[in-house]
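Heads up: the structure comes next, in structure tokens.
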Amino acid sequence: MAKDFSTRAEDYSKWYNDIVAKADLAEHSAVRGCMVIKPHGFAIWEKMQAALDKMFKDTGHVNAYFPLFVPKSFLEKEEGHAEGFAKECAVVTHYRLKADPEQKGKLIVDQDAELEEELIIRPTSEAVIWNTYKGWIQSYRDLPLLVNQWANVVRWEMRTRLFLRTAEFLWQEGHTAHATAEEAVAETEKMLNVYAEFAEKYMALPVIKGVKTANERFAGALETYCIEALMQDGKALQAGTSHFLGQNFAKAFDVKFTSKEGKLDYVWATSWGVSTRLIGALIMAHSDDNGLVLPPKLAPVQVVIVPIYKGEEELGRISEKALQIKTALEQKGISVKYDDRDTQRPGWKFAEYEMKGIPVRIAIGPKDLANGTVEVARRDTLEKESLKMIDLDTKVHHLLDNIQNNLYQKALTFRDENIHRVDSYDEFKKVLEDKGGFILAHWDGSSETEERIKEETKATIRCIPLDMKKESGTCMVTGKPSLQRVLFAKAY
RNA sequence: CGGGAUGUAGCGUAGCCUGGUAUCGCGCCACGUUCGGGACGUGGAGGUCGCUGGUUCAAAUCCAGUCAUCCCGACCA
Numbered sequence: 012m013a014k015d016f017s018t019r020a021e022d023y024s025k026w027y028n029d030i031v032a033k034a035d036l037a038e039h040s041a042v043r044g045c046m047v048i049k050p051h052g053f054a055i056w057e058k059m060q061a062a063l064d065k066m067f068k069d070t071g072h073v074n075a076y077f078p079l080f081v082p083k084s085f086l087e088k089e090e091g092h093a094e095g096f097a098k099e100c101a102v103v104t105h106y107r108l109k110a111d112p113e114q115k116g117k118l119i120v121d122q123d124a125e126l127e128e129e130l131i132i133r134p135t136s137e138a139v140i141w142n143t144y145k146g147w148i149q150s151y152r153d154l155p156l157l158v159n160q161w162a163n164v165v166r167w168e169m170r171t172r173l174f175l176r177t178a179e180f181l182w183q184e185g186h187t188a189h190a191t192a193e194e195a196v197a198e199t200e201k202m203l204n205v206y207a208e209f210a211e212k213y214m215a216l217p218v219i220k221g222v223k224t225a226n227e228r229f230a231g232a233l234e235t236y237c238i239e240a241l242m243q244d245g246k247a248l249q250a251g252t253s254h255f256l257g258q259n260f261a262k263a264f265d266v267k268f269t270s271k272e273g274k275l276d277y278v279w280a281t282s283w284g285v286s287t288r289l290i291g292a293l294i295m296a297h298s299d300d301n302g303l304v305l306p307p308k309l310a311p312v313q314v315v316i317v318p319i320y321k322g323e324e325e326l327g328r329i330s331e332k333a334l335q336i337k338t339a340l341e342q343k344g345i346s347v348k349y350d351d352r353d354t355q356r357p358g359w360k361f362a363e364y365e366m367k368g369i370p371v372r373i374a375i376g377p378k379d380l381a382n383g384t385v386e387v388a389r390r391d392t393l394e395k396e397s398l399k400m401i402d403l404d405t406k407v408h409h410l411l412d413n414i415q416n417n418l419y420q421k422a423l424t425f426r427d428e429n430i431h432r433v434d435s436y437d438e439f440k441k442v443l444e445d446k447g448g449f450i451l452a453h454w455d456g457s458s459e460t461e462e463r464i465k466e467e468t469k470a471t472i473r474c475i476p477l478d479m480k481k482e483s484g485t486c487m488v489t490g491k492p493s494l495q496r497v498l499f500a501k502a503y
């Protein structure tokens, strides 16, 4: 938490990119706007996947997989959806290349192999999925249909940034169908809560749950719920969304079911997703100038053991002890790496694992063997202490819990210190300029006012918070009545 | 996609204005000494200067185009 709001965007960006590089998470690919997720970065994603996937299964969802390509005619069917995504689609127009007669060794598009209908590389899968659901749903007995897909999508973004916004990204998208609007809304809210719980319990990232204003709504949705998190530079990041789609897609793709009463009706839909952007959130929420800081629950390796030795014989004796510790920790469900490489020195390893964010490091050397101790260092506070080996597994287990909680508390304190309640537009601008962070202020509910604020200050309404007591007041801009404060911030 | 900046070895850079085939640090390799916070010594390897074209006897250097990255804007998980 070394960052402060005075940090210029460029510096913060450099800091962020440094962490991504130093922690060995990802790099730019030679392919425009695309990212290569490196093994350590991907391992974190796999931990996220595993935790989320379990939460989805526990709430009755199943996984499936749908095509990468969306025929253009599918995408066109839901008008709002089509409009929203049209500007950022990669389009496949041909299915064959041929040797260039002009230049040896070069390939050109074979103009004789033009597709009759263009295929869009999915920017999201509503269109293909609803086209499929049409065939899966006839009766109320087929409902609810609760499906999730882990996939990649492509959005041709103009400005990219590792993890936060890349042309291709990995995500999870849930698509559900329900017999009633109430049930679909309940599902939308349920999944929002799943995301919030994941963010807080696993990522140690406090989030504010809310609904988007009409301007910020997902293309084709009636209501978009979201979780918003605050980053260390005072900007907000949308960490997940859950959409109530009403009957828009059911009508567009003609998905009807026969109810218990024998009446034919369109189904009610939801969709919800989180992406590899969450890794970006993790970086920006917890990292410090020494590199990444991982919450134990998402660390691919929770404890690393580094031996300190001179010569083969000493390493042998230390390894014996280290492996005992490793086994004991693993029996407590802790993931442990014993790094006995003799190609790197201890200090090098310490720095390396610090940059990668490994929560706990245990060092064992000859002094420890003599004293029956180990040196335990925690990544979040960088504190070191010498611990007796007795009950080390239990102590480390507690330490990991402690780190997880500490990270959450630290992020929560930071977030709460940076929520400002503001009652005048001048004060709003001043806080935004001087401090950044979240601002709670009254707004008259109109798109015009929202647009004006955005144009004049670059801040947007991140959400209309759900878990906040209603408090009537007057709009800070127009003076018109307002029923509750809404959450403003500059956003990623 | 509009405005600005940048691109030289794996990374960070000097050189560019005032053209003459490239500087330094880290890293890498070998050997030795080391090993409780990114070791030290000696020796060594590595670059078609983002790419394409132009000007020139000669281009990292000047010109044009193009691609990529960063910042601002529009857009967004």
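Positions 12 to 503 (this note's numbering) are the ones given, in order, by the first sequence. We put the beta carbon where it would ideally sit given N, CA and C, even for glycine. Every value quoted in this text rests on a predicted model; they were computed, and no experiment measured them.
Of the listed residues K33, K378, P370, I336, nearest to T392 (C-alpha basis): Nearest C-alpha to T392: P370.
Alpha carbon of F209 to alpha carbon of Q122, nearest angstrom: So the alpha carbons of these two residues sit roughly 49 Å apart.
Can you tell me which residues form a DSSP beta bridge with D276? Its beta-bridge partners are F268.
Beta strand (DSSP E) runs wholly inside the region 162-210, at least 3 long, in chain order: As far as the region 162-210 is concerned, its whole beta strand (DSSP E) runs of at least 3 residues are 179-189.
Hey, quick one: how far does the alpha helix (DSSP H) through Y517 stretch, first residue to last? With the chain covering 12 to 503 only, the question about residue 517 has no answer from this structure.
Can you check whether the CB of L293 is closer than 9 Å to the CB of M366? No; because the gap between Cβ atoms is not below 9 Å, this pair is not in contact.
Short of 7 Å in beta carbon distance, which residues of its chain neighbour Q34, apart from the five on each side in sequence? Order them along the chain. It should be pointed out that residue 34 corresponds to Ala in this sequence rather than to Gln. So the qualifying residues of the chain are H51, G302, L303, M366, K367, G368.
Excluding the five sequence neighbours on either side, which residues of its own chain have a C-beta within less than 8 Å of the C-beta of K143, listed in chain order? The question names Lys, yet the displayed sequence has Thr at residue 143. Excluding sequence neighbours, T143 sits near F77.
With H, G and I counted as helix, E and B as strand and the rest as coil, what does DSSP make of W283? W283: strand per DSSP, three-state reduction.
Compare the C-alpha of E482 against each of G490, S298, V497 and name the closest. Considering only alpha carbons, the answer is V497.
Per DSSP, which one or two residues make a beta bridge with P155? As DSSP reads the structure, P155 sits in no beta bridge.
Check whether the Cβ atoms of K343 and H408 lie closer than 9 Å to each other. A contact, by the Cβ cut-off of 9 Å.
Uninterrupted alpha helix (DSSP H) stretches inside the region 435-482 (no shorter than 4 residues): Counting only runs that start and end inside the region 435-482, the alpha helix (DSSP H) elements of at least 4 residues fall at 436-445, 458-468.
So, with DSSP's three-state summary, where would you put E2? In the structure as shown, the chain starts at 12 and stops at 503, and residue 2 therefore has no counterpart that could be examined.
Once you ignore the five residues that flank K348 on each side, which residues in its own chain have a CB closer than 6 Å to its CB? V312, V315, listed in sequence order.
Let's test the definition: count the other Cβ atoms within 10 Å of the Cβ of H105 and tell me whether it reaches 16, buried, or not, exposed. H105 should be labelled exposed.
For S17 and D300, what's the separation of their Cα atoms in angstroms? Note that S17 scores a pLDDT of 48, beneath 50, so its modelled location is shaky; the value from the coordinates is reported in the next line. Computed Cα separation, rounded: 16 Å.
Can you list, in chain order, the residues of its chain with a C-beta nearer than 7 Å to that of Q415? Leave out the 5 residues immediately preceding and following it. Take Q415, set aside five residues on each side of it, and the residues of its chain with a beta-carbon closer than 7 Å to its own are A215, P306, P307, K308, in chain order.
How long is the line joining the alpha carbons of K25 and Y206, rounded to whole angstroms? The C-alpha of Y206 is placed about 29 Å away from the C-alpha of K25.
Along the chain, where does the beta strand (DSSP E) that runs through K109 open and close? For K109, the enclosing beta strand (DSSP E) begins and ends at 108-110.
Return the bridge partner residues of T235 from the DSSP annotation. T235 is bridged to H254.
Between A261, G146, K267, which lies nearest to S282 when the distance is taken from Cα to Cα? Nearest option by C-alpha distance: A261.
Give me the Cβ distance between I132 and L79, rounded to the nearest whole Å; I'm assuming they're in contact under 8 Å. Confirmed, about 6 Å.
Quick one: Cα of P112 to Cα of L118, how far? Counting only the Cα atoms, L118 lies some 9 Å from P112.
Please go through the same chain and pick out, in chain order, the residues whose beta-carbon is closer than 7 Å to the beta-carbon of F85, but skip the five residues on each side of it. Around F85: A138, V139, N142.
Spell out the partners DSSP gives A388 in its beta bridges. The partner list for A388 (beta bridge, DSSP) reads R372, K395.
Inter-residue Cα distance where the pair is Q87 and A232: The residue you asked about is not Gln; residue 87 is Glu in the sequence shown. Those two C-alpha atoms are separated by around 15 Å.
Strand pairing of A37, partner residues [DSSP]: Paired residues: I48.
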